[in-house]
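Residue numbers (the numbering used here), protein chains in the order written: chain P, 3 to 479; chain W, 8 to 492.
We put the beta carbon where it would ideally sit given N, CA and C, even for glycine.
Keep in mind that this is a model prediction, so the values were computed, not measured.
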Amino acid sequence: MEWETVIGLEIHAQLSTKSKLFSGSSTAYGAEPNTQANVVDLAMPGVLPVLNIDAVRKAVMFGMAIEADVPDVSVFARKNYFYPDLPQGYQISQFDKPIVGLGHLDIELENGETKRIGVTRAHLEQDAGKSLHKDFAGQTGVDLNRSGTPLLEIVSEPDMSNAKEAVAYMKKIHSLVQFLGICDGNMQEGSFRCDANVSVRPKGQAEFGTRAELKNINSFKFVERAINIEVERQIDVIEAGGEVVQETRLFDPDKDETRSMRSKEEANDYRYFPDPDLLPVAITQELRDSVRAELPELPEQKKQRFINQFELSAFDAGVLTSNRALSDYFEAVAEATGEAKLSANWVNGELASHLNKAELDVTESKVSAEQLTGLIKRIADNTISGKIAKDVFEAIWNGEGDADEIIEAKGLKQITDSGAIESIIDEIIAANPGQYEQYRSGKDKLFGFFVGQVMKASKGKANPAEVNRLLKAKLDA
Amino acid sequence: MHNKSLTELAAGLRAGEFTSVELTQHFLDRIEKYDESLNSFITVTPEIALAQAAEADAQIAAGTAGPLTGIPMALKDIFCTDGVKTSCASKMLDNFISPYNATVVEKLKAAGMPMLGKTNMDEFAMGSSNESSYYGAVKNPWDTERVPGGSSGGSAAAVAARLVPMATGTDTGGSIRQPASLTGITGIKPTYGRVSRFGMIAYASSLDQGGVFARDAADCALVLGAMAGFDEKDSTSSEREVEDYAAGLDQSLQGLRIGVPAEYFGEGLDEGVAASIKSALDKYKELGAEIVEIELPNTGLAIPSYYVIAPAECSANLSRLDGVRYGHRCEDPVDLEDMYKRSRAEGFGSEVKRRIMVGTYALSAGYYDAYYLKAQKVRRKIKDDFVQAFENVDVIMGPVSPTTAFKLGEKSDDPVSMYLSDIYTLAVNLAGLPAISVPVEPAEGLPVGLQIIGNYFDESRLLNVAHQFQQATDWHKQSPEGFGG
Numbered sequence: 003m004e005w006e007t008v009i010g011l012e013i014h015a016q017l018s019t020k021s022k023l024f025s026g027s028s029t030a031y032g033a034e035p036n037t038q039a040n041v042v043d044l045a046m047p048g049v050l051p052v053l054n055i056d057a058v059r060k061a062v063m064f065g066m067a068i069e070a071d072v073p074d075v076s077v078f079a080r081k082n083y084f085y086p087d088l089p090q091g092y093q094i095s096q097f098d099k100p101i102v103g104l105g106h107l108d109i110e111l112e113n114g115e116t117k118r119i120g121v122t123r124a125h126l127e128q129d130a131g132k133s134l135h136k137d138f139a140g141q142t143g144v145d146l147n148r149s150g151t152p153l154l155e156i157v158s159e160p161d162m163s164n165a166k167e168a169v170a171y172m173k174k175i176h177s178l179v180q181f182l183g184i185c186d187g188n189m190q191e192g193s194f195r196c197d198a199n200v201s202v203r204p205k206g207q208a209e210f211g212t213r214a215e216l217k218n219i220n221s222f223k224f225v226e227r228a229i230n231i232e233v234e235r236q237i238d239v240i241e242a243g244g245e246v247v248q249e250t251r252l253f254d255p256d257k258d259e260t261r262s263m264r265s266k267e268e269a270n271d272y273r274y275f276p277d278p279d280l281l282p283v284a285i286t287q288e289l290r291d292s293v294r295a296e297l298p299e300l301p302e303q304k305k306q307r308f309i310n311q312f313e314l315s316a317f318d319a320g321v322l323t324s325n326r327a328l329s330d331y332f333e334a335v336a337e338a339t340g341e342a343k344l345s346a347n348w349v350n351g352e353l354a355s356h357l358n359k360a361e362l363d364v365t366e367s368k369v370s371a372e373q374l375t376g377l378i379k380r381i382a383d384n385t386i387s388g389k390i391a392k393d394v395f396e397a398i399w400n401g402e403g404d405a406d407e408i409i410e411a412k413g414l415k416q417i418t419d420s421g422a423i424e425s426i427i428d429e430i431i432a433a434n435p436g437q438y439e440q441y442r443s444g445k446d447k448l449f450g451f452f453v454g455q456v457m458k459a460s461k462g463k464a465n466p467a468e469v470n471r472l473l474k475a476k477l478d479a
Numbered sequence: 008m009h010n011k012s013l014t015e016l017a018a019g020l021r022a023g024e025f026t027s028v029e030l031t032q033h034f035l036d037r038i039e040k041y042d043e044s045l046n047s048f049i050t051v052t053p054e055i056a057l058a059q060a061a062e063a064d065a066q067i068a069a070g071t072a073g074p075l076t077g078i079p080m081a082l083k084d085i086f087c088t089d090g091v092k093t094s095c096a097s098k099m100l101d102n103f104i105s106p107y108n109a110t111v112v113e114k115l116k117a118a119g120m121p122m123l124g125k126t127n128m129d130e131f132a133m134g135s136s137n138e139s140s141y142y143g144a145v146k147n148p149w150d151t152e153r154v155p156g157g158s159s160g161g162s163a164a165a166v167a168a169r170l171v172p173m174a175t176g177t178d179t180g181g182s183i184r185q186p187a188s189l190t191g192i193t194g195i196k197p198t199y200g201r202v203s204r205f206g207m208i209a210y211a212s213s214l215d216q217g218g219v220f221a222r223d224a225a226d227c228a229l230v231l232g233a234m235a236g237f238d239e240k241d242s243t244s245s246e247r248e249v250e251d252y253a254a255g256l257d258q259s260l261q262g263l264r265i266g267v268p269a270e271y272f273g274e275g276l277d278e279g280v281a282a283s284i285k286s287a288l289d290k291y292k293e294l295g296a297e298i299v300e301i302e303l304p305n306t307g308l309a310i311p312s313y314y315v316i317a318p319a320e321c322s323a324n325l326s327r328l329d330g331v332r333y334g335h336r337c338e339d340p341v342d343l344e345d346m347y348k349r350s351r352a353e354g355f356g357s358e359v360k361r362r363i364m365v366g367t368y369a370l371s372a373g374y375y376d377a378y379y380l381k382a383q384k385v386r387r388k389i390k391d392d393f394v395q396a397f398e399n400v401d402v403i404m405g406p407v408s409p410t411t412a413f414k415l416g417e418k419s420d421d422p423v424s425m426y427l428s429d430i431y432t433l434a435v436n437l438a439g440l441p442a443i444s445v446p447v448e449p450a451e452g453l454p455v456g457l458q459i460i461g462n463y464f465d466e467s468r469l470l471n472v473a474h475q476f477q478q479a480t481d482w483h484k485q486s487p488e489g490f491g492g
């Protein structure tokens with residue numbers, strides 16, 4: 003039988019506000035345990051939450067970016083359950099009145115087509131603290147630094163039909179929230195994580211199959227693997243005559259398997275109800291206007307602009323705008339050099355491959371935009387050839403200095419002086435009389451041999467165009 | 008000294024008739040001497056009180072004192088006090104020393120009022136008799152075999168017995184007005200949002216409101232002015248400016264339109280109480296007011312609505328009391344679930360458990376619409392009744408409680424009959440209105456309170472209407488015997 007997969011994602015993006023969703027504590031990552039938890043975060047008796055308006059603005063901005071309905075009023079609700087890292091005994095979240103309603107996002111498929119993915123809703127909620135099970139000899143430690151940090155939970159429609167689409171969607175959201183400056187996107191620190199709802203059904207069937215929820219997947223690679231493994235598992239279960247049960251499953255990247263955490267029957271009844279400590283959130287026209295005024299250029303708009311302004315190919319523009327920092331890097335270089343195409347080639351070429359190899363983000367690049375600008379300027383003014391430039395790039399990457407310093411120190415300046423080149427040519431012709439004779443008698447192919455010899459003799463520094471011109475003149479004279 | 012009003016005490020302090028330290032010591036002595044029979048305090052804080060009194064004396068001497076500087080007070084043990092035990096009368100918080108002050112506490116501290124201690128109450132403010140306290144029942148100073156009412160029974164009893172000039176309370180379903188009524192003092196519950204709830208341990212967040220117990224309306228006006236106001240730490244507090252409550256006290260009541268709802272004089276109202284309320288209404292007519300018969304048709308729905316909404320909110324509010332970060336934790340838990348179950352089973356009393364269970368049920372899947380949502384719809388109808396009524400009248404009057412103080416133990420085994428005693432007070436909380444209890448003619452030797460309900464943020468008028476009655480009567484000056492006159 004042929005099977006069809008249905009996937010929906012719930013993405014948790016930590017909003018990059020200075021303070022928590024309902025308290026003034028800092029949200030900075032990595033502090034000593036429990037040093038960023040005040041009486042509100044500790045849920046002392048009598049304390050009250052006060053909404054951080056910056057989180058509201060960031061959520062509204064996200065809504066605008068996915069062309070979603072942002073209703074005039076949204077409501078915070080309490081989601082009740084007991085856990086030691088949930089100090090209130092309930093999470094303040096949103097239930098039937100989320101801050102962002104139905105929106106959408108287009109993803110690019112491998113075949114070059116685009117597919118529209120619905121975003122059901124996005125709502126604000128508090129993150130929990132962390133339970134630490136190591137180092138406490140049979141007990142559990144609780145760190146409440148993260149407790150109360152604002153999250154935007156972005157829930158998609160079940161619109162994705164394979165793991166690759168899910169990854170494309172997740173990457174697109176990841177890029178979008180960074181473009182908007184509402185989330186740092188740091189997946190190692192858990193600022194961006196995802197749950198996947200996965201089900202299978204016989205091809206052509208209208209009803210959905212029973213779904214499993216894969217929890218807390220924190221990398222693009224794992225999302226793809228977890229979904230593929232889960233799809234295979236579900237098909238195996240059904241083909242063996244069994245039934246998929248609705249449950250929450252955990253992906254184990256070490257064992258490459260998903261395993262059951264809890265079934266539907268064991269699921270909590272969260273007893274949502276409107277939080278009486280918080281007024282409904284009114285999204286006024288004033289707020290909308292001021293958020294819209296701050297709305298940055300979106301990836302899609304930037305891509306179009308790069309195509310128009312810099313005459314880039316759609317492919318190059320797409321790659322360069324996949325990430326805000328990368329697009330900023332490119333634009334800085336292109337503007338400073340006035341060489342957009344060359345800049346795009348270098349950013350997507352040498353720079354990208356070095357970053358990849360070193361597993362670094364563009365923000366951590368060892369060649370800064372200024373340094374690449376310096377290098378490209380020397381290519382453009384013919385000080386060095388493209389081939390030499392790669393060596394210079396390598397040297398900059400290794401911390402040997404800026405392009406000019408390296409060119410100077412290593413004597414890499416291109417030889418453009420025709421006298422100097424001519425004398426090299428004369429030497430080469432004199433040293434290779436046999437080849438010269440053959441060329442003269444009509445063996446044109448040997449021209450390449452002479453170019454190679456001249457370049458070699460000049461240690462690659464001779465201007466190739468100049469070499470061509472002068473060599474042609476000499477040989478054909 | 009203990010029979011003087013706050014204004015008189017302030018004048019005495021300024022004139023140098025006595026110092027704040029002397030005044031504070033006087034009340035500490037009275038607590039020491041008389042509270043054993045009343046059990047109105049959970050914690051007495053003599054060192055703090057006297058240190059604050061000495062500071063107040065310095066301010067008075069320096070001429071920087073405010074109208075309340077140097078006058079001691081007590082706080083219901085539901086208000087968090089930095090460095091002092093804040094128990095909410097529960098075993099659960101018997102070991103809890105708050106690391107911060109409630110906004111009300113900060114405000115009264117800033118007003119220069121020394122804190123004598125923390126008063127007894129029903130556990131987590133759940134009760135109408137002050138019998139559910141982990142620290143034992145509070146007794147009514149008018150008859151120590153009777154209850155003082157609840158949940159702010161300790162504050163009411165202490166003010167009634169003149170152990171303290173004023174005390175704070177909280178009112179979720181009548182917890183200021185009912186004990187004020189049963190102990191013959193004046194107690195005001197302001198409009199929801201008038202007094203900050205920050206640091207006031209939550210029972211039912213959409214209903215809880217802090218207020219004042221004092222001997223009379225003029226005293227209440229002074230203290231409420233110091234307590235009220237917007238607090239950025241409480242999103243539900245009102246940004247509306249606080250009026251000068253004392254300034255409006257002397258207005259005439261000529262032409263005042265008093266709405267009297269038929270529903271507040273029906274079955275279940277004690278005859279003696281009814282007679283006292285009627286004679287108070289006659290007094291208001293003498294003062295120039297007009298009585299208008301009104302209807303509040305949904306009054307009967309207040310009890311079922313309240314006893315769904317309040318438990319629902321409390322079931323979540325009390326979840327933080329889990330034994331993890333503070334409060335009672337059971338001995339040697341075998342695992343997490345065991346720790347939760349035993350800590351909470353041991354830490355909470357039976358009324359608190361009952362309400363947590365009722366509330367959890369009302370919010371659970373499949374029942375939410377039938378209970379919680381329905382109760383919220385009823386709540387809107389009750390509010391609409393009042394809004395309509397206030398189109399025609401200035402205030403609404405009726406009894407606070409259907410009976411005078413009942414005997415200790417009389418209703419403690421019958422929670423429903425206890426709930427029914429809140430019939431006249433609950434609707435006010437559901438609507439979020441301000442109301443005051445004013446002592447009128449006692450019935451069979453026991454105090455009776457007249458409830459005056461005002462429109463939203465009309466505290467000024469409430470206090471004025473109460474004050475004018477007290478100018479014409481002496482009921483608020485009567486005090487129970489046996490407490491040194």
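Q. When the cut-off is 9 Å and only beta carbons count, does W:THR126 lie next to chain B?
A. Of the protein chains in the structure, P and W, none is chain B.
Q.
Just checking: is the beta-carbon of P:LEU289 within a distance shorter than 9 Å of some beta-carbon in chain W?
A. no
**Q.** Of the residues W:ALA65, W:VAL299 and W:GLY416, the one placed nearest W:THR27, counting alpha carbons only
**A.** A small fix is needed here, since residue 27 of chain W is Ser in this sequence, not Thr. Comparing Cα positions, the closest option is W:ALA65.
Q.
I'd like to know whether the C-beta of W:MET4 is nearer than 9 Å to at least one C-beta of chain P.
A. Residue 4 of chain W lies beyond the range of chain W shown here (8 to 492); nothing can be said about it.
Q.
Taking only three categories from DSSP, how would you classify W:ALA69?
A. helix
(Q) Given this structure, state the Cα-to-Cα distance separating W:ALA282 from W:ASP429, to the nearest angstrom. (A) 19 Å
**Q.** Residue from P:PHE194, P:ILE94 and P:GLU341 with nearest C-alpha to P:LEU17
**A.** Among P:PHE194, P:ILE94 and P:GLU341, the Cα nearest to that of P:LEU17 belongs to P:PHE194.
Q: Check the Cβ of P:ARG80 against every Cβ in chain W and list those closer than 8 Å, keeping chain order.
A: ALA323
Q: Give the range of the beta strand (DSSP E) segment to which P:TRP399 is assigned.
A: Counting along the chain, P:TRP399 falls outside any beta strand (DSSP E), though it belongs to the alpha helix (DSSP H) covering 388–399.
(Q) Just list the residues that DSSP pairs W:THR126 with in beta bridges. (A) W:PHE48 and W:LYS83
Q. Which of the residues in the region 323–339 of chain W, read from start to end, lie with their CB under 9 Å from any CB of chain P?
A. ALA323, ASN324, LEU325, SER326, ARG327, LEU328, ASP329, VAL331, ARG332, TYR333 and GLY334
Q | W:THR306 at chain P interface by Cβ criterion, 9 Å | A | Taking 9 Å as the threshold, the shortest C-beta distance from W:THR306 to chain P does not fall below it.
Q. Are three or more beta carbon pairs between the region 109–119 of chain W and the region 144–153 of chain W nearer than 8 Å?
A. no
Q. Is P:TYR85 helix, strand or coil by DSSP?
A. coil
Q) Which residues mark the beginning and the end of the beta strand (DSSP E) in which W:SER322 is found? A) Note, W:SER322: premise wrong, no beta strand (DSSP E); alpha helix (DSSP H) at 309–324.
(Q) Could you check whether W:GLY266 and W:VAL249 sit closer than 9 Å to each other, using their CB atoms as the reference points? (A) no
Q. What's the C-alpha gap between W:SER162 and W:CYS337?
A. 31 Å
Q | Through-space distance from P:GLY48 to W:ILE104, alpha-carbon basis | A | 13 Å
Q) Between the C-alpha atoms of P:PRO466 and P:ARG326, what's the straight-line distance to the nearest angstrom? A) Taking the straight line joining both Cα atoms gives about 37 Å.
Q) Does any residue of chain P bring its CB to less than 9 Å from the CB of W:SER140? A) No, no contact with chain P.
Q: With P:HIS106 as the anchor, note down where its beta strand (DSSP E) starts and where it stops.
A: Boundaries of the beta strand (DSSP E) around P:HIS106: 105–110.
Q: Quick one: which unbroken beta strand (DSSP E) runs of 3-plus residues sit fully inside the region 251–301 of chain P? Chain order, please.
A: 259–265
Q | Option in P:SER201, P:MET46 and P:GLY206 with minimal Cα separation from P:ARG213 | A | P:SER201
Q: Keeping to the same chain, check which residues put their C-beta closer than 8 Å to that of P:LEU477; ignore five residues upstream and five downstream.
A: ILE431, TYR438, TYR441, ARG442, PHE449 and PHE452
Q) Shorter than 9 Å from the beta carbon of P:PRO47 to some beta carbon of chain W? A) yes
Q. Which residues bound the beta strand (DSSP E) around P:LYS217?
A. 214–219 is the span of the beta strand (DSSP E), which, as asked, contains P:LYS217.
Q: Closer than 8 Å, Cβ to Cβ, to anything on chain P: give me those residues from the region 203–231 of chain W, in chain order.
A: ARG204, PHE205, GLY206, MET207, ILE208, ALA209, ALA211, SER212 and SER213
Q: Note the first and the last residue of the continuous alpha helix (DSSP H) segment covering W:TYR1.
A: Outside the shown range of chain W, which is 8 to 492, sits residue 1 of chain W, and nothing can be said about it.
(Q) List, in chain order, every chain W residue whose beta-carbon is nearer than 7 Å to that of P:PHE275. (A) One finds ALA319, LEU370 and TYR379 in chain W with Cβ atoms closer than 7 Å to the Cβ of P:PHE275, taken in chain order.
Q: Starting from P:ASP271, find everything on chain W with Cβ-Cβ shorter than 8 Å and list it in chain order.
A: SER371 and ALA372
Q: From the DSSP output, read off the bridge partner residues of P:ASN199.
A: P:GLY10 and P:GLU215
Q.
Please list, in chain order, the chain W residues whose beta carbon lies closer than 7 Å to that of P:LEU280.
A. SER242
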